[in-house]
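Sequence lines, in order, name chains Y and D. Be aware that the first sequence starts at 1, since it is given in this note's numbering, and climbs by one per residue. Be aware that the second sequence starts at 462, since it is given in this note's numbering, and climbs by one per residue. Read through the structure below, which is laid out as structure tokens, and then see the notes.
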Amino acid sequence: MILSTRSLFLKIFLWFWITVIVTGVALVATWIILQPKSVQSQIQTTLEGVAWASGTVAVDELERQGPSAALAYLQQFSQKAHLKTCLFDTSRQAISGSDCGIFEDVVAHAPASGESGFVSRHGFSRVVVKLQGKSGREYIYAVEAAERHGPPSGVGPLGVALRWSVPLLVSGLICYVLTRYLTAPILRLREASRHLAQGDLSTRAAAGMERRRDELGSLVQDFNAMAARIEELVFGQRQLIYDISHELRSPLARLNVALDLARERKGSDPAFDHMDQDLERLNEMIGRLLTVARLDSSAVPVAMSQVDLTELISLIARSADLELRKNDAVVHLTLPGQFFVHGNAELLHSAIENVVRNAIRYTGIGNPVEVSVTTQNTAKPSSALIVVRDHGPGVPESELANIFQPFYRIADDRNRESGGAGLGLAIAGRVIRIHGGTICARNAQPHGLEVEILLPATTSS
Amino acid sequence: MDRVLIVDDDVELCRLLGERLSTEGFALEAVHDGLRGLERVLSREHAFVILDLMLPGMGGLDVLRRVRAQSPVPVLILTARGEDVDRILGLEIGADDYLPKPFNPRELIARIRAILRRTSPAPERTAALTVSGIRLHPAAREAWIDDVQLDLTSVEFTLLETLLRDAGHVVTREALTETVLGRALGPFDRVIDVHISNLRKKLSVSHTDDRIKAVRGSGYLFALRSETAK
């Protein structure tokens with residue numbers, strides 16, 4: 001799958017992912033903002049409880065058995081509970097305990113009797129309480145605990161990277177799958193509609209997608225129904241053209257024979273000649289219509305072989321030249337070297353001849369028609385470029401694309417005297433297309449029409 | 462009066478054609494479906510057969526295939542204009558020539574005349590002709606290779622005869638079309654080439670080497686034995 005920066009897939013994917021990431025970040029942020037208070041108060045409560053309990057025991061020991069017993073208890077307790085403790089008297093002199101020095105600051109602001117003070121900083125929490133012994137004397141007792149909920153200290157940069165990348169990867173993967181699920185049918189629909197637009201009317205979106213029960217499934221169903229309808233209509237129209245042309249031939253065949261009989265019986269008459277001419281014209285038109293209908297339906301295979309384009313075009317140019325000489329004009333033929341194409345000689349002949357005849361018809365009295373063939377090596381495989389140029393009035397820019405439509409005539413051109421029914425270029429367009437080539441028209445300077453035919457060439461045999 | 466058979470489902474066309482052909486000295490019999498047509502062709506009462514390829518019952522190509530299994534009678538097929546596949550198939554099966562429908566009746570008459578004239582035994586050339594082991598009896602319109610008789614249609618016989626009479630020399634496609642079919646070579650006219658190809662197939666049954674050579678750009682040549690040895 002090719003992703004452009006504007007592709008729907010990328011857009012949906014990025015939006016999903018960003019949403020997931022932002023949500024995650026917001027969650028973590030909220031957690032961090034709300035967490036310290038609660039944790040701190042929890043620590044405070046616990047530490048206070050511990051301080052009250054151990055302080056009371058220490059004071060008790062002190063009053064009953066003296067400072068050494070209190071120190072022994074406090075040392076033992078500190079070791080067990082991983083705390084630092086110290087007992088002071090009310091004049092803030094240390095009575096017993098290890099590390100009494102660290103409590104100097106806190107003890108300075110000793111709380112009232114029966115109350116406690118709490119300080120938490122640099123990852124340490126300290127609690128100071130004021131106790132009353134059984135003797136009625138008051139003491140100050142301090143406890144310090146190393147905070148275990150502080151910032152991670154045992155996690156290295158690899159760990160940090162892992163912590164970030166795993167959620168990113170997981171969310172990315174989920175977003176990718178979700179996006180695929182949503183956009184795959186759209187991409188396939190797009191593919192199918194492009195094939196349809198290119199003229200492959202049998203195209204349908206993948207059948208598997210029709211089973212989806214969501215809106216995309218309905219869209220695919222509707223698309224397929226539409227494609228089927230278009231195919232039916234276009235096929236019906238082609239069949240109609242074919243059938244009509246076919247059916248017209250029977251009466252035409254009879255008319256031919258009847259007219260000939262009439263000639264036999266009544267002798268020659270100009271009226272008969274007119275009828276003959278029109279019959280011939282009708283016949284040709286029907287033949288061309290059938291050719292168009294046949295070329296439009298891909299069902300009929302076209303026999304292809306190696307065709308000598310040089311010979312073909314010389315032949316056409318020669319007969320066109322004969323015709324043009326009646327108008328005091330000539331055909332300029334530029335034909336360097338030999339060109340071969342893989343195709344159907346008869347169809348190619350009629351295609352190129354139609355283009356040349358069209359040029360002859362419009363070039364005007366005394367103006368030449370130029371035909372040139374060159375090799376186009378830039379394209380792969382190399383192609384033969386046939387250019388036919390006349391010096392007529394040209395075609396309005398807006399109508400250039402339409403001149404390859406059947407029965408298309410430029411609005412002010414009603415001159416049917418010169419023959420043709422607007423089928424010549426339609427046939428040419430279709431023939432060139434089934435040969436894998438392209439045909440286009442453009443106006444030449446200062447005036448005239450230039451038709452370019454590009455055909456894939458083969459190497460000479 | 463030559464009897465001509467037409468097999469075509471267009472009754473009215475057949476009636477008009479019958480009228481037209483009678484003024485030219487032909488008696489036209491018309492049948493309108495394939496099976497009946499086959500039956501009538503095989504009765505061998507006709508000098509010439511006009512066969513439409515689009516027929517109810519049995520298709521024109523099937524009729525032609527069965528006719529060719531038994532009879533060398535000249536057959537002209539009527540094809541829908543532009544339907545090349547049918548036309549080529551028809552010629553390969555053994556039709557002598559074709560005419561796209563709708564046709565000009567004068568053209569049809571000219572074709573019938575030409576083929577009939579070419580395929581009827583010519584009294585002035587009755588002498589047997591033997592070239593490189595191929596023996597022709599123009600009077601009986603029979604051809605033999607050694608002791609095997611060749612099963613040729615009338616047109617194929619004329620074609621072989623023309624090539625043999627000029628053996629060793631190139632005969633142009635124009636000349637062959639003129640002599641064998643009695644008409645001018647048209648643009649993209651491959652009829653004579655299809656006949657040559659059919660004739661080659663029939664000759665190859667008895668000859669291992671291909672005696673009919675194509676000469677690019679000009680025509681065909683029947684090579685004499687000494688030349689093929691080269």
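Even glycine gets a Cβ: it sits at the ideal position worked out from N, Cα and C.
For Thr45 of chain Y, the closest alpha carbon among the candidates Y:Glu104, Y:Ala145, Y:Thr30, Y:Gly133 is that of Y:Ala145.
The Cβ atoms of Gly479 of chain D and Arg574 of chain D lie no closer than 9 Å to each other. Nearest CB-CB separation between Leu474 of chain D and chain Y: below the 9 Å threshold.
Annotation: Ser679 of chain D to Glu346 of chain Y spans about 19 Å, alpha carbon to alpha carbon. Contacts between Leu261 of chain Y and chain D, judged by CB atoms closer than 9 Å, involve Leu477, Glu480, Arg481, Thr484, Pro566 in chain order. When the five nearest sequence neighbours on each side are left out, the beta carbons in the same chain lying within less than 7 Å of the beta carbon of Val292 of chain Y are those of Pro406, Leu423, Ala426, Ile427, Arg430, in order along the chain.
Sorting Y:Trp15, Y:Ser125, Y:Gly136, Y:Gly156 by C-alpha distance to the C-alpha of Ala142 of chain Y places Y:Ser125 at the top. Annotated three-state conformation of Pro566 of chain D is helix, per DSSP. The C-beta distance from Thr540 of chain D to Arg527 of chain D rounds to 19 Å, too long to fall under 8 Å, and the pair is not in contact.
Not one beta carbon of chain D lies nearer than 9 Å to the beta carbon of Ala320 of chain Y.
With a threshold of 9 Å between beta carbons, Pro517 of chain D makes no contact with chain Y. Nearest to Ile313 of chain Y by C-alpha distance, out of Y:Ile453, Y:Ile186, Y:Ser382, is Y:Ile453. For Ala541 of chain D, the nearest beta carbon of chain Y is closer than 9 Å to its own beta carbon. Only residues of its own chain outside the window of five on either side were considered, and among them Trp17 have a CB closer than 8 Å to the CB of Gly172 of chain Y, listed in chain order. Residue environment for Val22 of chain Y: exposed (fewer than 16 other C-beta atoms within 10 angstroms of its C-beta). In its chain, beyond the 5 residues on either side, Ser593, Ala628, Gly629 have a beta carbon closer than 6 Å to the beta carbon of Leu685 of chain D. Excluding its 5 nearest sequence neighbours in each direction, Asn327 of chain Y has C-beta neighbours in its own chain below 6 Å: Ile365, listed in chain order. Under the DSSP assignment, Pro270 of chain Y falls outside any beta strand (DSSP E), being part of the alpha helix (DSSP H) whose first and last residues are 270-296.
Three or more beta-carbon pairs separated by less than 8 Å are not found between the segment 255-266 of chain Y and the segment 212-228 of chain Y, which leaves the two stretches without contact. Judged by DSSP in its simplified three-state form, Pro535 of chain D adopts coil rather than helix or strand.
Residue pairing by DSSP leaves Glu323 of chain Y without any beta bridge partner.
Around the beta carbon of Gly66 of chain Y, fewer than 16 other beta carbons lie within 10 angstroms, which makes this residue exposed. Counting only unbroken stretches of 4 or more residues, the alpha helix (DSSP H) elements lying wholly within the segment 67-126 of chain Y are 67-81, 104-108, in sequence order. Going by beta carbons, Val57 of chain Y and Phe88 of chain Y fall outside the 9 Å limit.
Distance from the CA atom of Glu104 of chain Y to the CA atom of Ser120 of chain Y, rounded to whole angstroms, is 15 Å. Sequence-distant Cβ neighbours of Leu613 of chain D in its own chain, meaning closer than 7 Å and more than five residues away, are Pro533, Ala604, Leu621, Lys663. Inter-residue distance for Pro368 of chain Y and Glu353 of chain Y is about 16 Å (C-alpha atoms, whole angstroms).
Leu400 of chain Y has a beta carbon lying at 9 Å or more from every beta carbon in chain D. In the structure shown, Gln306 of chain Y adopts extended strand secondary structure according to DSSP, grouped into three states. Interface with chain D (9 Å Cβ-Cβ cutoff): His246 of chain Y is included. In this structure, Phe509 of chain D lies near Leu577 of chain D, with their beta-carbon atoms less than 9 Å apart. Close partners of Asp471 of chain D in chain Y (Cβ separation under 9 Å): Ser250, Ala253, Arg254. Around the beta-carbon of Ile32 of chain Y, fewer than 16 other beta-carbon atoms lie within 10 Å, marking it exposed. Note: Phe649 of chain D is not bridge-paired with any residue in the DSSP secondary-structure output.
Under DSSP, Tyr139 of chain Y forms a beta bridge with Y:Asp89, Y:Leu131.
Excluding sequence positions up to five before and after Gly520 of chain D, its CB lies within less than 8 Å of the CB of Gly495, Leu514, all in the same chain and listed in chain order.
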